[in-house]
Amino acid sequence: MIGKILFLIFSIALSFFIAYPIFNLPVAFLIGGISGFIAFGISWGLENRFEEFPPKSALGGAIGIGIASITFFALKSIIEVLSIPYNLAPFLNIISFLSLFYLGATLGIKKGFEAEQGRKGFGKSSYENVKILDTSVIIDGRIADVVEAGFIEGTLIVPKFIIKELQYIADSPELIKRVRGRRGLDVLKRMQELPNVVVKITSHDFPKIKETDLKLVELAKKLRGTIITNDFNLNKVANLHGVKVLNLNQLSNALKPVVLPGETMSIRVVREGKEENQGVGYLEDGTMVVVDDAKKYLGKEIEVSVTSVLQTPTGRMIFSRVKEEGMVSDLNG
Numbered sequence: 000m001i002g003k004i005l006f007l008i009f010s011i012a013l014s015f016f017i018a019y020p021i022f023n024l025p026v027a028f029l030i031g032g033i034s035g036f037i038a039f040g041i042s043w044g045l046e047n048r049f050e051e052f053p054p055k056s057a058l059g060g061a062i063g064i065g066i067a068s069i070t071f072f073a074l075k076s077i078i079e080v081l082s083i084p085y086n087l088a089p090f091l092n093i094i095s096f097l098s099l100f101y102l103g104a105t106l107g108i109k110k111g112f113e114a115e116q117g118r119k120g121f122g123k124s125s126y127e128n129v130k131i132l133d134t135s136v137i138i139d140g141r142i143a144d145v146v147e148a149g150f151i152e153g154t155l156i157v158p159k160f161i162i163k164e165l166q167y168i169a170d171s172p173e174l175i176k177r178v179r180g181r182r183g184l185d186v187l188k189r190m191q192e193l194p195n196v197v198v199k200i201t202s203h204d205f206p207k208i209k210e211t212d213l214k215l216v217e218l219a220k221k222l223r224g225t226i227i228t229n230d231f232n233l234n235k236v237a238n239l240h241g242v243k244v245l246n247l248n249q250l251s252n253a254l255k256p257v258v259l260p261g262e263t264m265s266i267r268v269v270r271e272g273k274e275e276n277q278g279v280g281y282l283e284d285g286t287m288v289v290v291d292d293a294k295k296y297l298g299k300e301i302e303v304s305v306t307s308v309l310q311t312p313t314g315r316m317i318f319s320r321v322k323e324e325g326m327v328s329d330l331n332g
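Here it is in structure tokens:
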């Protein structure tokens with residue numbers, strides 16, 4: 000904070016000394032104060048913006064400002080040599096300084112950003128194939144299998160704030176959370192070792208945004224990428240912002256075999272259902288199968304006939320009934 004105050008004082012003093020040869024003392028003080036606060040506001044805004052840029056972008060901006068300052072002093076010497084009218088020279092100095100400062104900062108940031116993207120493999124042609132992973136899809140783990148099978152192309156982006164979240168979960172005192180976090184880190188390491196995909200860790204962050212979901216949305220906008228997630232709420236938020244989303248749960252549901260009423264299947268009854276005498280079992284893909292009058296077959300494998308299929312936002316449920324009493328004894332020996 001002390002540095003900001005000193006810069007404000009310096010800005011006011013510099014503006015005053017530029018204005019004093021042209022205006023009387025009160026007006027020069029007024030111009031100095033206003034100009035100083037404007038310069039202070041611009042520098043503060045640039046500092047906050049730099050926090051959102053990756054290191055090379057911020058470095059590029061700083062180098063651009065440095066080059067602009069050197070150019071300004073060279074131009075100032077030329078203005079003095081040209082014997083420009085006394086009252087006009089300060090205005091030319093102010094205009095040239097502000098113009099060079101702006102050009103230096105913007106061009107430096109742009110070139111730094113391009114260098115950052117080039118180093119990380121974000122070439123212009125690869126922007127459309129950028130996929131940004133969130134915490135839920137990494138912990139889930141199926142993303143590694145999908146990537147290894149070659150169904151997802153392009154560059155996979157994992158922001159540092161997502162890795163920080165995974166590390167926080169992995170260090171949780173709760174056993175279940177700790178296991179989930181470590182699984183996520185293992186999945187990430189596995190994907191980095193796959194030969195058919197590029198996984199990049201990006202330092203892009205948005206300090207002013209606290210929610211991780213909104214940070215991911217902003218990053219997807221910035222990189223013109225697609226978010227891959229299992230989070231239903233993130234899916235909705237991203238859609239509201241016009242960001243493309245790939246939901247792994249939706250993909251899983253789309254790939255499940257079609258089951259029609261009247262078809263038969265073998266199912267092991269593993270627990271009681273909510274309704275009286277109901278039994279519940281599961282298919283290999285995790286689909287719940289509710290069986291009427293199957294409570295008495297708990298722990299046994301039975302043949303059932305499908306009566307209906309209910310599709311929900313989180314998956315599907317199959318309702319069925321026991322096909323034949325004789326099939327129970329046959330399946331269980």
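Residue numbers are given in numbering that gives the first Met the number 0: position 217 of the sequence shown equals residue 216, and the series is strictly consecutive. Think of the CB as a built atom: it goes at the ideal place given N, C-alpha and C, for glycine as much as any other residue.
- Of the candidates G65, K130, G140, T263, the residue whose Cα lies closest to the Cα of G103 is G65.
- S304 has T263, R320 as its beta-bridge partners, per DSSP.
- Shortest Cα-Cα distance from D139 to any of G153, L247, L309, F318 involves L247.
- In this structure G298 is exposed. Its beta-carbon is surrounded by fewer than 16 other beta-carbon atoms within 10 angstroms.
- Beta-carbon to beta-carbon, V242 and I226 are separated by about 6 Å, close enough to satisfy the 8 Å threshold.
- The Cβ-Cβ distance between V288 and L282 falls below 8 Å.
- With 16 or more other Cβ atoms from the protein chains shown falling within 10 Å of its own Cβ, P158 counts as buried.
- For D133, no beta strand (DSSP E) segment is defined, and its DSSP state is neither H nor E.
- Under DSSP, the beta-bridge partners assigned to T225 are K130.
- Boundaries of the beta strand (DSSP E) around L245: 244-246.
- The alpha-carbon separation between Q191 and I266 amounts to approximately 38 Å.
- Put simply, the segment 159-171 touches the segment 180-189. At least three CB pairs are less than 8 Å apart.
- Runs of beta strand (DSSP E) with 3 or more residues, each lying fully within the segment 130-197, are found at 130-132, 154-158, listed in chain order.
- The alpha-carbon separation between I151 and I62 amounts to approximately 38 Å.
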